[in-house]
Amino acid sequence: MDKVVISLYKKGLYTDETFRKFVRVGWVTTEQFKETTGKDYEPQA
């Protein structure tokens, strides 16, 4: 699943917030989030 959502994020189909949700459900890791978005993963309250 990670390759699919990363590819779609890079194409602009997902926002940072949506991509953050993928970390919460386990589709991507926090490391993949940082590598893909260039931002540190910070869980939302």
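To convert, count from 1 in the sequence shown and add 1; that's the numbering used here.
Note that CB positions come from ideal geometry on N, CA and C, so glycine has one too.
Predicted, not measured: the structure shown is a model, and the values here were computed from it.
Coil, strand or helix - VAL29 by DSSP: The residue you call residue 29 lines up with position 28 of the sequence shown. DSSP places VAL29 outside both helix and strand once states are collapsed to three, so it counts as coil.
Under 7 Å between C-beta atoms of VAL26 and ASP3: The residue you call residue 26 lines up with position 25 of the sequence shown. The residue you call residue 3 lines up with position 2 of the sequence shown. The answer is no: Cβ separation not under 7 Å.
Coarse secondary structure for LEU9, derived from DSSP in three states: In the sequence shown, counting from the first residue as 1, residue 9 sits at position 8. Judged by DSSP in its simplified three-state form, LEU9 adopts helix.
Close-in-space but distant-in-sequence residues of the same chain around LYS12 (CB under 8 Å, 5 per side omitted): Locating residue 12 in the sequence shown gives position 11, counting from the first residue. In its own chain, leaving out the 5 sequence neighbours on each side, no residue places its CB closer than 8 Å to the CB of LYS12.
Selection from PHE23, GLU32 and GLN33 that minimises the alpha carbon distance to GLN45: By one-based count along the sequence shown, residue 45 stands at place 44. It is PHE23 whose Cα lies nearest to the Cα of GLN45.
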